[in-house]
């Protein structure tokens, strides 16, 4: 059993943060506004964000914490540990009462992802991974199938998920979706990139792609997918800019990349 104090603390923090968010979701106890780029921001995002940041900084005051709700454009830091947080990934779903949101926490050590946690408080599902220790859904180990999906009699074809935002080139999204439909794939979207990445890791989805995601959207899901043995295309080169993400089994990632790039 892992004894890393940051990982153990993060698991407790994300569970407690999930309880806070779920209570606000169930009771509609939040207000909404819009960020300048058009994305929805709720008071729940800010409350959960502050809870997570304070819970980490109280125990690890020398660590750096970067959140989706942090106000920065150019980030440089020399801390050994850097945390990336998305207090509510899928805020649009959350704000409209739709099940399709979660909380995401990842920690980097010396520039590499050390661990990631994605928690869905509605389903009580915690997806987690620690470097070189595997990926898990609660206590069940996750692993990619070595073989491409083969349709069996009466078995449904898994969905192929995509995400989109106000930042995206809608013509490119339309082109990719048209190609996927022509190949016989069924598109799926739930509003949370982190959850979709987790569902790929759990073999619930064949693949997932989105054109513009930030590192706090991706970091936890990235290590979960990698530790489960999946292919992930994403660049961590610039924390201040959004990048394209594609994940899934190698053959499907290759096909989607050929359509996008």
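In the working numbering, the protein residues as written are 4 to 264.
No residue lacks a Cβ here, since even glycine has one placed at the ideal position from N, Cα and C.
If you're wondering where the values come from, they're calculated on a predicted model, not measured in any experiment.
Coil, strand or helix - residue i by DSSP
i           : result
residue 96  : helix
residue 11  : helix
residue 75  : Residue placement at residue 75 is poorly supported in this model, since its pLDDT is 45, which falls under 50; the coordinates still yield a value, given next. Of the three classes helix, strand and coil, the one that applies to residue 75 here is coil, per DSSP.
residue 262 : helix
residue 244 : coil
residue 220 : helix
residue 58  : helix
residue 84  : strand
residue 254 : helix
residue 120 : strand
residue 102 : coil
residue 52  : helix
residue 125 : coil
residue 239 : coil
According to DSSP, residues forming a beta bridge with residue i
i           : result
residue 44  : 36
residue 144 : 139
residue 112 : 84 and 115
residue 163 : 190 and 210
Identity of the residue in the options nearest residue i by Cα
i           : options            : result
residue 137 : 116, 230 and 111   : 230
residue 36  : 47, 26 and 28      : 47
residue 54  : 65, 13 and 83      : 13
residue 267 : 93, 110 and 29     : Outside the shown range of the chain (4 to 264) lies residue 267, about which nothing can therefore be said.
residue 253 : 83, 5, 147 and 141 : 147
residue 353 : 50, 49 and 162     : In the structure as shown, the chain begins at 4 and stops at 264. Residue 353 is therefore absent and cannot be evaluated.
residue 224 : 42, 122 and 62     : 122
residue 34  : 191, 102 and 50    : 50
residue 255 : 188, 198 and 125   : 188
residue 171 : 97, 85, 248 and 10 : 248
residue 167 : 42, 28 and 24      : 42
Check your understanding: Are at least three pairs of beta-carbons, each pair with one atom in the region 218-233 and one in the region 180-191, less than 8 Å apart?
Key -> No, because fewer than three Cβ pairs between the region 218-233 and the region 180-191 fall closer than 8 Å, the two stretches do not touch.
Check your understanding: Which ranges would you report for the beta strand (DSSP E) in the region 168-216 if only whole runs of at least 3 residues count?
Key -> Runs found: 208-216.
Review point. Using 8 Å as the threshold, is the region 120-136 in touch with the region 169-176, meaning 3 or more CB pairs across them?
Key: The region 120-136 is not in contact with the region 169-176.
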